[in-house]
Ligand code: PMP
């Protein structure tokens with residue numbers, strides 16, 4: 001009897017802690033779930049002996065109603081990651097081409113490989129923006145094109161009008177993944193009417209997640225939406241019993257707590273401004289980020305080593321740049337202290 005309990009306790013010890021000011025490499029939310037969300041989740045665990053819905057129809061309907069969509073426009077997956085794989089499985093064949101920026105969210109080259117696609121990577125410009133003209137040229141004959149807004153790792157955004165112009169250049173046969181994993185962090189003036197966009201462009205799939213602003217990365221819930229015809233093809237790839245029983249209540253409780261979550265988003269974006277300002281005051285450039293992270297290009301400084309030696313876990317890139325997730329004030333202090341030491 002005591003042996004399994006012991007092992008269970010050991011496994012619990014292996015869980016990451018919700019509060020870790022040095023964990024700045026995965027763009028997680030620094031806040032643990034809100035009390036109301038936590039108690040809804042605990043209640044759902046009581047029914048863990050039961051399967052969730054065969055297909056996540058109630059969750060889809062909840063998300064559709066909240067976002068201003070029709071149910072049949074929405075698909076749900078294990079994070080945006082699950083939705084991306086669902087799209088790739090539904091619309092591509094091995095050997096098809098996928099165009100993406102570089103650097104981009106690390107997942108995309110991996111997903112492309114899993115779906116046996118040929119990746120074409122188009123370099124970002126010097127300020128971390130997509131080169132939309134080069135991407136449009138590369139997209140000729142491609143099956144899928146990925147644009148992240150805000151972009152990961154730079155946090156930059158393309159103007160809505162530029163994006164529309166880009167979309168008009170593409171063949172309707174090319175499916176566009178418009179990845180809005182960080183959209184909730186955008187200032188109101190930079191938000192885009194994604195619902196209107198998918199009405200105008202039947203080849204665009206917008207991706208969203210509960211992992212970032214909603215702070216539920218460990219529950220793995222994401223969704224995509226698009227025109228009903230394409231959504232029908234994607235829904236046909238919906239994994240039976242594929243979304244955990246915690247997802248429906250976790251999302252419902254989060255939508256009920258929207259005001260408190262917005263408050264947390266404001267705290268993160270104001271901490272981001274503070275971090276960028278502190279970096280700037282030390283002469284360190286970071287890209288114009290609109291998400292919950294900042295990107296610091298290398299500029300010959302070897303930032304990766306700087307943070308590593310100070311125990312601050314950030315994401316390092318091949319070009320020597322680093323992406324730093326915005327945490328709480330303790331995180332910012334640790335980042336600033338590491339940079340200050342290196343500048344001495
Ligand atoms: N898209 C982007 C741009 C991301 O940065 C991430 C996670 N880092 C994802 C998608 C996937 O997120 P998840 O699967 O947790 O929803």
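Numbering (the UniProt record's numbering), first residue to last: 1 to 344. Note that CB positions come from ideal geometry on N, CA and C, so glycine has one too.
What are the start and end residues of the alpha helix (DSSP H) that includes residue 234? For residue 234, the enclosing alpha helix (DSSP H) has its first and last residue at 228-235.
Would you kindly check if the distance between the Cβ of residue 174 and the Cβ of residue 194 is under 9 Å? For residue 194 and residue 174, no; Cβs fall outside 9 Å.
Cβ pair residue 287, residue 154 closer than 9 Å: Yes, the pair counts as a contact, with Cβ atoms nearer than the cut-off.
For residue 188, three-class secondary structure by DSSP: Residue state, collapsed to three classes: helix.
Going by the beta-carbon positions, is the gap between residue 290 and residue 186 smaller than 9 Å? Contact check for residue 290 against residue 186 passes: the beta carbons are separated by less than 9 Å.
Please list, in chain order, all residues of the same chain as residue 37 whose beta carbon is under 7 Å from its beta carbon, the five residues on each side excluded. 250, 253, 254, 257, listed in sequence order.
Of the residues 94, 314, 310, the one placed nearest residue 297, counting alpha carbons only: If you compare the alpha carbons of 94, 314, 310 with that of residue 297, the shortest gap goes to 314.
Check whether the Cβ atoms of residue 74 and residue 60 sit closer than 9 Å, and answer yes or no. Between residue 74 and residue 60, the gap from beta carbon to beta carbon is short of 9 Å.
If I measure Cβ to Cβ from residue 85 and keep anything under 8 Å in the same chain, skipping five residues before and after, which residues do I get? 77, 111, 114, 115.
Rounding to the nearest angstrom, what Cα-Cα distance links residue 34 and residue 137 in this structure? A straight-line Cα-Cα distance of about 45 Å links residue 34 and residue 137.
Can you list, in chain order, the residues of its chain with a C-beta nearer than 8 Å to that of residue 1? Leave out the 5 residues immediately preceding and following it. Legend: pLDDT at residue 1 = 48, less than 50; position of this residue unreliable, value from coordinates given subsequently. Counting only Cβ-Cβ distances below 8 Å, and skipping sequence neighbours, we find nothing.
Would the beta-carbon of residue 220 be found less than 8 Å away from any heavy atom of the ligand PMP? Under cutoff, so the answer is yes.
What is the DSSP secondary structure of residue 325, counted as helix, strand or coil? Here DSSP, grouped into helix, strand and coil, assigns residue 325 to strand.
So, with DSSP's three-state summary, where would you put residue 250? The DSSP-derived three-state label of residue 250 is helix.
Buried or exposed: which applies to residue 182, given that a residue is buried once 16 or more other Cβ atoms fall within 10 Å of its Cβ? By the neighbour-count criterion, in which a residue is buried when 16 or more other Cβ atoms sit within 10 angstroms of its Cβ, residue 182 is buried.
With residue 265 and residue 184 assumed to form a contact (beta carbons below 8 Å), what rounded beta-carbon distance in angstroms separates them? Between residue 184 and residue 265 the Cβ distance is about 6 Å, and since that is below 8 Å, they are a contact.
Is the Cβ-Cβ distance between residue 132 and residue 166 less than 9 Å? Yes, these two residues count as a Cβ contact at 9 Å.
Residue 169 beta carbon near the ligand PMP (any heavy atom closer than 8 Å): No - the ligand PMP has no heavy atom lying nearer than 8 Å to the Cβ of residue 169.
Check whether the Cβ of residue 317 sits closer than 8 Å to any heavy atom of the ligand PMP, and report yes or no. Incorrect: residue 317 has no Cβ contact closer than 8 Å to the ligand PMP.
Inter-residue spacing [alpha-carbon to alpha-carbon] between residue 401 and residue 213: As displayed, the chain neither begins before 1 nor continues past 344, which places residue 401 out of reach and without an answer.
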